[in-house]
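Heads up: the protein sequence lines correspond to chains A and B, in order. Going by the working numbering, the first residue of the first sequence is number 995, and it counts up by one from there. Going by the working numbering, the first residue of the second sequence is number 995, and it counts up by one from there. What follows is a set of notes on a single structure, which appears directly below.
Number of protein chains: 2
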Amino acid sequence: MNDSPRRKELTRQAAQLFVQEGFDRTTVRMLAQEMGIKSGSLFHHFRDKQEILAAVIEEGTQNALAIARETLQQCDSTPEARLHAMARAHLETLLTDRNAHVVALYEWRRLDTAARDHLSHLRDAYEALWEQVIDEALAAGLIHGDRFLVSRFVMGALNWTVRWYDPSGPRSPEDLARELVAMISSPTA
Amino acid sequence: MNDSPRRKELTRQAAQLFVQEGFDRTTVRMLAQEMGIKSGSLFHHFRDKQEILAAVIEEGTQNALAIARETLQQCDSTPEARLHAMARAHLETLLTDRNAHVVALYEWRRLDTAARDHLSHLRDAYEALWEQVIDEALAAGLIHGDRFLVSRFVMGALNWTVRWYDPSGPRSPEDLARELVAMISSPTA
DNA sequence: GTCTATATAAAGATAGAC
DNA sequence: GTCTATCTTTATATAGAC
């Protein structure tokens, strides 16, 4: 539709509800109430409910991608440090904001075909960054195994944290990132 | 309600739809059609839609628990072999059957409070088996790290396979289990 | 850009016959 | 145990005034 600041703000609020309730359980009336408007007004900003989801997921993936690029640019040291920085950045977008990135991961299946086609290149770009960091770690002998499987296992371990992580608990996203890297690293490297 | 063989069969069919479409998107009419009956007849077997979900999740968790117990009883060798056997069993219930265990993991949040209370002990028993196997591996020096975090990272890596695994691809659940154990094992152990 | 009012469709669930 | 028929509620989405 458009790309106004208003729409950005509404998208941000929608993300929060989608995380809390899930996309299917979130009604347009709930969304409108969260935004402080009536349900009819919502459709001035978005064509339909699907478009809200697409906007949230686009925002979440773009943000994660931008942060990951920045992280890798700033952290130009060992493969271990870079892997740790990526894991930390990933966890922070998932666990601290608790927003659009979570929706991008957990509600991707709810996108219609057109939206998936439009957004898959963003997701692919983000995953490509991960594979690059994994490759570096493999090449350095920090970790071992199949490139494809290691990437997916690591992403799985990280993404599943959304299900059990307690923000009020003793562990920070950085703690988790450190422990994960330690878990898969060969101590002899 | 009851526990007839008929109800068991209907539960099995419901599981398949819940995996394919997700619980919220699966309508009682879809369920009825899959079962070869009309939607009104469904409520002879289940009080409401929630009860179908609870039946599926109970079945999925009980089955996973039974298989895990059997696996650990039969595999009484090294901590590495036991860890591998558990991972393999877990992946097979998720990826080969593609059924009730997937629903148990991915639709748990959709259970109402009463059902969660009733089923959480089953889930806890299953997770306790995992922690036991993780503990053995830690004690043997096969893996390193925090007991709690290692368990959750491993479960995350395994559970996330549902999202990307291709049953028609070259890798078997056993391949995945082997690679995962290799990824987290210290080669010096 | 937001409102009220409402159209339209689909959902979960029930009643009573067979 | 299954059917048909239907009630009731709730959902997405639209139209037109302000």
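Ideal Cβ placement from N, Cα and C applies to all residues, glycine included. Here the structure is a predicted model, which is why all the values come from computation and not from measurement.
Inset, instruction - Would you please verify whether the beta carbon of residue 1050/A is less than 7 Å from any beta carbon of chain B? - result: Position 56 of the first sequence, counted from the first residue, corresponds to residue 1050/A. Residue contact check for residue 1050/A against chain B: no CB pair falls below 7 Å.
Inset, instruction - Sort 1134/B, 1114/B, 1094/B and 1043/B by Cα distance to residue 1020/B and report the nearest one. - result: Against the second sequence, residue 1020/B aligns to sequence position 26. Ranking 1134/B, 1114/B, 1094/B and 1043/B by Cα distance to residue 1020/B puts 1043/B first.
Legend entry - Assigned secondary structure, residue 1159/A (DSSP; H/G/I helix, E/B strand, else coil): Against the first sequence, residue 1159/A aligns to sequence position 165. DSSP places residue 1159/A outside both helix and strand once states are collapsed to three, so it counts as coil.
Inset, instruction - Give the residues of chain A in contact with residue 1139/B, contact being defined as C-beta atoms less than 8 Å apart. - result: Translated into the one-based positions of the second sequence, residue 1139/B becomes position 145. Using a Cβ-Cβ cut-off of 8 Å, residue 1139/B is close to 1173, 1176 and 1177 of chain A, given in chain order.
Inset, instruction - Could you name the residues of the same chain whose beta carbon sits closer than 6 Å to that of residue 1128/B, not counting the 5 residues immediately before and after it, in chain order? - result: Taking the first residue of the second sequence as position 1, residue 1128/B is located at position 134. Close CB contacts of residue 1128/B within its chain, under the 6 Å cut and outside five residues either way in sequence, are with 1144 and 1145 (chain order).
Legend entry - Interfacial residues, the segment 1140 to 1156 of chain A to chain B, with Cβ spacing under 8 Å: Here the close residues are 1140, 1143, 1144, 1146, 1147, 1148, 1149, 1150, 1151, 1152, 1153, 1154 and 1155.
Legend entry - Segment limits, alpha helix (DSSP H) that includes residue 1124/A: Translated into the one-based positions of the first sequence, residue 1124/A becomes position 130. Residue 1124/A -> alpha helix (DSSP H) spans 1107 to 1133.
Inset, instruction - State yes or no: is the beta carbon of residue 1018/B nearer than 7 Å to at least one beta carbon in chain A? - result: Start at 1 with the first residue of the second sequence, and residue 1018/B comes out as number 24. Chain A contact via Cβ: present.
Inset, instruction - With a 10 Å radius around its C-beta and 16 neighbouring C-beta atoms as the bar for buried, classify residue 1162/B as buried or exposed. - result: Translated into the one-based positions of the second sequence, residue 1162/B becomes position 168. With fewer than 16 Cβ atoms within 10 Å of its Cβ, residue 1162/B is classed as exposed.
Inset, instruction - Assign residue 996/B to buried or exposed, taking buried as 16 or more other Cβ atoms, counted over all protein chains shown, within 10 Å of its Cβ. - result: Mapped onto the second sequence, residue 996/B falls at position 2. The residue is exposed, with fewer than 16 neighbouring Cβ atoms inside 10 Å.
Inset, instruction - Use the C-beta contact count for residue 1039/B: other C-beta atoms within 10 angstroms, 16 or more gives buried, fewer gives exposed. - result: As a position in the second sequence, residue 1039/B is number 45, starting the count at 1. So residue 1039/B ends up on the buried side.
Inset, instruction - For my contact list, residue 1117/A and residue 1072/A are in at a C-beta cut-off of 8 Å; report their separation, rounded to the angstrom. - result: Taking the first sequence and counting its residues from 1, one reaches residue 1117/A at position 123. Taking the first sequence and counting its residues from 1, one reaches residue 1072/A at position 78. Wrong, their Cβ atoms sit about 27 Å apart, outside the cutoff.
Inset, instruction - Enumerate in chain order the residues of its own chain whose CB-to-CB distance from residue 1004/A is below 6 Å, with the five nearest sequence positions on each side excluded. - result: As a position in the first sequence, residue 1004/A is number 10, starting the count at 1. For residue 1004/A, where only same-chain residues beyond five positions count, the Cβ hits under 6 Å are 1029 and 1039.
Inset, instruction - Kindly list the residues whose CB is nearer than 7 Å to the CB of residue 1085/A, restricted to its own chain and excluding five residues on each side of it in sequence; keep chain order. - result: Mapped onto the first sequence, residue 1085/A falls at position 91. 1152, 1155, 1167, 1170 and 1171, listed in sequence order.
Inset, instruction - Please confirm if residue 1180/A has its CB atom under 7 Å from at least one CB of chain B. - result: Mapped onto the first sequence, residue 1180/A falls at position 186. Judged by the 7 Å Cβ criterion, residue 1180/A is in contact with chain B.
Legend entry - Short CB-CB distance (under 7 Å) between residue 1124/A and chain B: As a first step, residue 1124/A must be located in the first sequence, where it is residue number 130. Chain B contact via Cβ: absent.
Legend entry - Residues near residue 1089/B by beta carbon distance below 6 Å, same chain, minus five either side: Taking the first residue of the second sequence as 1, we reach residue 1089/B at position 95. If we look at residue 1089/B and ignore the five residues flanking it on each side, its Cβ neighbours are 1159 and 1167.
Inset, instruction - Assign residue 1150/A to one of two classes, buried (16 or more other C-beta atoms within 10 Å of its C-beta) or exposed (fewer than that). - result: By 1-based counting over the first sequence, the position of residue 1150/A is 156. When all chains shown are included, residue 1150/A counts as buried.
Legend entry - Exposed unless 16 or more other CB atoms sit within 10 angstroms - verdict on residue 1060/A: Translated into the one-based positions of the first sequence, residue 1060/A becomes position 66. With fewer than 16 other Cβ atoms within 10 Å, it is exposed.
Legend entry - Exposure of residue 1183/A, with buried meaning 16 or more beta-carbon neighbours within 10 Å: In the first sequence, the residue the question calls residue 1183/A occupies position 189. For residue 1183/A, the pLDDT reaches just 47, beneath the cut-off of 50, and the residue's location in the model is therefore unreliable, leaving the point undetermined.
Inset, instruction - Show which residues of chain B have a CB atom less than 8 Å away from the CB atom of residue 1170/A. - result: As a position in the first sequence, residue 1170/A is number 176, starting the count at 1. Here the neighbours are 1143.
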